[in-house]
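Using our numbering, the letters of the sequence shown map in sequence onto residues 1 to 584. Note that the Cβ used here is the ideal one computed from N, Cα and C, for glycine as well. Source: prediction; values computed, not measured. To keep things clear, I will list the structure first and then write my remarks on it.
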Amino acid sequence: MASYLIEPVDRLPFGGPDKARRYATERYRGAAGLNWYGSDPTLRFLMHRHLGAGALEWAAPHLERAGALMGGPILEHAEETDRNPPRLERYDRWGHDVSRIVMPPSFEAARRELVAGSFTRPEFAREAKAAGADPVTMGLAWNYLLYQADIGMGCALGTGGDMVVLMAEAFAPQDVKERVREIFADGMFSGEAAQMFTERTGGSDLAALESTATPAGDAWRLNGLKWFASNANGSAFVVLAKAEGGPDGSRGVAPFLVLRERRDGGHNGIRVRRLKDKLGTRSVASAEIEFTDAEAFLLAPESTGTGDGKGLGRMMELTNGARLGIATMGLSCARRALVESLCYARSREAFGAALIDQPLMRRKLAELIVEVEAAQALVFDGFHTRLRLGPALIKLRAARLGVTAASDAIEVHGGNGYIEQWPVARILRDAQVNPIWEGGDNILCLDVRRAVKKDQHLPFFDRLAEAVRHAPPGDDPTALLVSDRIDRLREALGRWRGLDPVTAEARLFPLAQFMADVYAAALLLEQAGWERRELGADRKALVARLYARAHLADQGPLRGIDHAAEDLERFKDLADGAFADDRP
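Here you go:
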């Protein structure tokens, strides 16, 4: 029953119930209110495959609760926080600088619920391990569900917690270690941490930063300005600075721990100049932070008195984990965009039929389904942590997909998609930051170059070969195509090595894209082989075939126009296997 007034314009002579049905508000429910685990057959497939049937029996109720939480209360809180973002109280009533960031009640409510139910809590990880369920896979699934509701909240809870805890345990004085343990008693995913790297000199050129640390007993005094600091309302920060007297370059950069409160309990020298007025991710407070003689602790061996010269390299090793987190955010934006598109296309009617029954719309939706599942395969590949190339390639692909999928979802919604009352505008605003966070496309390409020059790409090719070996049995044409492209990729790397330095750098982007294309296709084949053996089904083989055809096959002189229309003929298999909406 409609919850709105029936007005004169609803009774115009050329109107009527059939036309009014097209814009009946109650028919357009979207993803809100769904259980995002129960309605996601692809996630259930991945959990079955990675956890096994026995562990999944234990894990499923937890995943169901998480799916209901993210698609219900957390999504509601996220929408409210987006409308009423954090605010800065710079001074108290006597004009003292308190630099207090006030988070909206919706944010605090969401944080309480998320911290209480997080799969990253130490006790949950122990329970999962005892049940045979890999805690890393469970944590990844939880993040994937959360980020569909709000990637800003994911950043607010998870920015650098592991970095702070691990590095403090290794290098901080004993009393500081104990304080860090107290701060993170609820786990690393508690919203207490922040990474403060970026300065006005540039986000990626960390060697050019200006922040300076001066020795002060077993502590340091840190001064400088961080231009873009996310989760600025946290309690423990990893800050990059240069030790006074050290070299002005990358070897002079070292990580420091700065706590909100000094050892003596007083307010540390941390000033919030202003909050950033951002395009999206408004649930994470991003600010310009000035350090004025802030008490800090070196998170590196003090073998030279100014660190060991390896601080930046040490940070980059930890950054790979953060890149995988950003890739998951991109994937989640793409997944949410796909679900909203499917929901809208099933409800909206035009030219005598539902949008989802129109051939051009089916083509677009089928393409979205295939691309999202390829990115899923990359993000959920349990081997990527062992691959030096993995995090850069996965972020390169998944972060960008979040933007293009959100843009496609707006187009599916037409003019409604451009309006903030509809859900897809915020997805696009939020998704746009993922290609920037933890290194843009060009920085990722330079990371690929570093890995290749050190021959760290060899395990990557081993992973590709292993994945193809698990493809469906027989002379599968897709497996033959992917195997051939693996050989071509080896050849491309050899040719690339022979280019002059300037051209070689310019060609890094197509080289990295080629790597990501082959990687995703090989993983989809591996999934298809498992599905055939364990479930007796062939849907993933269809997804792998469509992906390889789009990204790896020679399209021929007719640009693929003469290819079989499997995306249309088996559209129901694709759509039903991507999204299950059991609402009446």
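For Leu225, the enclosing beta strand (DSSP E) starts and ends at Ala219 to Ser230.
Within the stretch 364-416, the complete alpha helix (DSSP H) segments of 4 residues or longer fall at 390-413, listed in chain order. In the three-state DSSP reduction, Glu295 falls in the strand class (E or B). In this chain, the beta strand (DSSP E) harbouring Ile270 covers Ile270 to Leu275. DSSP, read as helix, strand or coil, puts Ser39 in coil. Residue ranges of uninterrupted beta strand (DSSP E) with 3 or more members, entirely inside the stretch 83-108 and ordered along the chain, are 87-91 and 97-102. Under DSSP, the beta-bridge partners assigned to Gln195 are Val238. Ranked by how close their Cα comes to the Cα of Asn442, the residues Asn35, Asp462, Ile419 and Asp205 have Asp205 in first place. Pro215 carries a strand assignment under DSSP once its states are collapsed to helix, strand and coil. Secondary structure of Ile183 (DSSP, three-state): helix.
Nearest to Leu387 by C-alpha distance, out of Gly560, Met163 and Gln456, is Gln456. For Ile289, DSSP records a beta bridge to Lys226 and Val272. Per DSSP, Leu428 lies in no beta strand (DSSP E) segment; the continuous alpha helix (DSSP H) that holds it begins and ends at Val424 to Ala431. Only residues of its own chain outside the window of five on either side were considered, and among them Glu192, Ala193 and Ala194 have a CB closer than 6 Å to the CB of Gly234, listed in chain order.
Looking at the DSSP output, Ala353 bridges to Ala350. Boundaries of the beta strand (DSSP E) harbouring Val253: Val253 to Leu259, taken from the DSSP string. From the listed residues Ala168, Gly15, Ala20 and Leu114, the smallest Cα separation to Ala2 is found for Ala20. Between the stretch 393-407 and the stretch 276-293, the count of C-beta pairs closer than 8 Å stays below three; the two stretches do not touch. In the structure shown, the three-state DSSP call for His267 is strand. In this structure, Ala141 sits away from Phe124, with a CB-CB distance that is not shorter than 9 Å.
Here the stretch 147-163 makes contact with the stretch 326-344; the two share three or more CB pairs at distances below 8 Å.
A Cβ-Cβ distance of about 15 Å is found for the pair Tyr547 and Ala564, leaving them out of contact under the 8 Å criterion. As computed with DSSP, Gly202 is found in a beta bridge with Glu199. Across the structure, Met153 and Pro435 are spaced so that their CA atoms are roughly 17 Å apart. Ranked by Cα distance from Ala55, the options Phe571, Ile74 and Thr137 are led by Thr137. DSSP lists Ala213 as the bridge partner or partners of Ala243. Looking at Ala327, Val424 and Leu428, the one whose alpha-carbon comes closest to that of Phe380 is Ala327. Here Val180 really is in contact with Val164; their C-beta atoms are around 7 Å apart, less than 8 Å. Between Val482 and Ala471, the C-beta gap is smaller than 9 Å, which places the two residues in contact. In the three-state scheme derived from DSSP, where H, G and I count as helix and E and B as strand, Ser483 is classed as helix. Per DSSP, reduced to three states, the secondary structure at Phe571 is helical. Between Leu525 and Ala553, the gap from beta carbon to beta carbon reaches 9 Å or more. Separation of Phe291 and Leu259 (C-alpha to C-alpha, rounded to the nearest whole angstrom) is 11 Å. A contact is defined here as three or more CB-CB pairs under 8 Å, and the stretch 82-102 fails this definition with respect to the stretch 62-70. Within its own chain, the residues whose Cβ lies closer than 6 Å to the Cβ of Gly30, once the five positions on either side in sequence are excluded, are Glu340, Cys343 and Pro423, listed in chain order. If you check the CB distance, Gly390 and Phe460 come in under 9 Å.
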